[in-house]
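Chemist:
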Amino acid sequence: MIISNDEDRLRESITFAEPVIPQRISADPEVVENGLAKLVLSIIELIRRLLEKQALRRMDAGNLTDEEVERLGAALMKLEEKMEELKRVFGLTDDDLNLKLGPVRTLE
Amino acid sequence: MPDETQEITLLETLDHLLDRGVVIAGEATISIGDVDLLYLGLNVVLANVDAMRRTGQK
Amino acid sequence: MKSVVIGAHLRREDVEPIAETLPVGELFLSAVSIANDRPLGDRDLLIEVAGIRGQLLDRATFIAIRYGLAVRDEHEAAIKCIGFVPQWRKLLDAHREEVEMTLKAAASAPPARPDRHDFASGGQYLRALHEASRAVDVDPQFKTGIERTLVPLATEHRWLHRDTTSIELAMLVRRRDLETVRTAGEKLRRDFPKIPFLLSGPWPLEVFANDHQQ
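Residue numbers (our numbering), protein chains in the order written: chain L, 21 to 128; chain U, 499 to 556; chain W, 94 to 307.
#1: As a quick exercise: from W:K236, W:L120, W:V244, W:H223, pick the residue whose alpha carbon is nearest that of A200 of chain W.
#2: So, is A202 of chain W buried or exposed, given that buried needs 16 or more other C-beta atoms within 10 angstroms?
#3: Say whether chain L places a C-beta atom closer than 8 Å to the C-beta of I522 of chain U.
#4: Measuring alpha carbon to alpha carbon, tell me which of W:I239, W:W296, W:E299 ends up nearest R283 of chain W.
#5: Counting pairs of Cβ atoms below 8 Å between the segment 187–196 of chain W and the segment 254–271 of chain W, do you hit three or more?
#6: Find the nearest neighbour of S529 of chain U within the set L:D115, L:G111, L:A95, judged by alpha-carbon distance.
#7: On the CB-based measure, 16 or more other CB atoms within 10 Å of its CB, does R241 of chain W come out buried or exposed?
#8: Ends of the alpha helix (DSSP H) at T237 of chain W?
#9: Looking at A277 of chain W: is its Cβ nearer than 8 Å to the Cβ of A157 of chain W?
#10: Across the segment 105–120 of chain L and the segment 52–71 of chain L, are there enough close Cβ pairs to call them in contact, namely three or more that are closer than 8 Å?
#11: So, for I111 of chain W: in the same chain, excluding its five sequence neighbours on each side, which residues have a beta-carbon less than 7 Å away from its beta-carbon?
#12: Can you give me, in chain order, the residues of the segment 269–301 of chain W that have a beta carbon less than 7 Å from any beta carbon in chain U?
#13: Kindly indicate which three-state DSSP category D114 of chain W falls into: helix, strand or coil?
#14: Does R125 of chain L get closer than 8 Å to chain U when you measure Cβ to Cβ?
#15: Quick one: list the residues of chain U neighbouring I23 of chain L, beta-carbon separation under 8 Å, in chain order.
#16: Check for me: the alpha helix (DSSP H) holding A277 of chain W runs from which residue to which?
#17: Taking the straight line between their C-alpha atoms, what separation do you get for D209 of chain W and M97 of chain L?
#18: For the segment 168–196 of chain W, list every residue whose C-beta sits within 7 Å of some C-beta in chain U, in sequence order.
#19: Helix, strand or coil for R189 of chain W, going by three-state DSSP, please let me know.
#20: Is it right to say A124 of chain W is buried, meaning 16 or more other beta carbons lie within 10 angstroms of its own, or is it exposed?
#21: Hey, quick one: how far does the alpha helix (DSSP H) through L30 of chain L stretch, first residue to last?
#22: Per DSSP, what kind of secondary structure is S201 of chain W in: helix, strand or coil?
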């Protein structure tokens, strides 16, 4: 049974489990380095987002100590900072990393 | 069934297969400090992504 | 050959002959055999497994195991799953006549993401992120509509915030109430034409197969 409404707008707001990793890595040596950077950064960003989502899940569950909240928060800030730095270094934008595909779903 | 509905049906069916249920396959754990956060099972994500992108072919 | 595991079932006859069985403790895992070198991410395989899941669900309610578990044999399956068996047995006994239904709906106004530069400590930042994630909700009238027409049909339900642009309702529904759920869904569709939502099911125990709050 599938009952859906306003299907045109469904895809914009409702996420389905979809790989968030660019699928084509060129074998052309001139673009290989850039292609690899995109792949690696996309994976790191995916993991960063998943970590964040999971940290939020743990917050929901309320089973973290104050110290753990502090440590998680600090690590997430650091990860965000590092990602921004790496994107700058490689001259890549969120678009390049295919990150505009939408919110990332957590592994439960 | 119109194409759009078919695609959504497929996406929803795959979403339920891939994104829910009890996680057993965890090859590695990513933790921050002592807090285990993620189990990694990369085989689905990295394999044949391009094929998964094909829509409206069935 | 390797076996792609699909779910956990109470009885062998809940699985055969639709899929293969791998006994684990007093339960039975359903699985499909594939060549060792066949990648799990193969689209055709995913669609095949999705189809088998549907057939298995027609037979009996089962515990959904997230796609991605492939085992060499019964022995490996047992090692990986035996710890879950008591909990699974309880859930399968409790929910024999029920299935899961899912309603996904677009959030009415996704909240702005807090900027980490505005926070002095990691803890403050994480707490702000948490606040923002919980602020996601659907149009209140739509929510009321759901609570009046769908929720009463569920034996259990859970609102989930899976991401910042949508909200989800997971429900346990008796099989015999499925047509009533369909009718309620069609009514929601007529009453709220401008709100993107998706009501789908039936599904095996997915959200309700996990102990903890999702």
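Note that the Cβ used here is the ideal one computed from N, Cα and C, for glycine as well. As the structure is a prediction and not an experimental result, all values here were calculated from the model.
Modeler: On the basis of the supplied data:
#1: W:K236
#2: exposed
#3: no
#4: W:I239
#5: yes
#6: L:A95
#7: exposed
#8: 233–242
#9: no
#10: yes
#11: I145, Q148, L149, R152
#12: L291, S293, W296, E299, V300
#13: Note on identity: in this sequence residue 114 of chain W is Thr, with Asp being the wrong assignment. Three-state result, T114 of chain W: strand.
#14: Note on R125 of chain L: pLDDT 42, under 50, position unreliable in the model; the coordinate value appears next. R125 of chain L counts as touching chain U.
#15: Within chain U, no residue comes near I23 of chain L; the closest Cβ sits about 10 Å away, beyond 8 Å.
#16: 271–284
#17: Here residue 209 of chain W is Arg; the residue named in the question, Asp, does not match the sequence. Using only the alpha carbons, I get a separation of about 7 Å.
#18: K173, C174, F177
#19: coil
#20: buried
#21: 27–33
#22: coil
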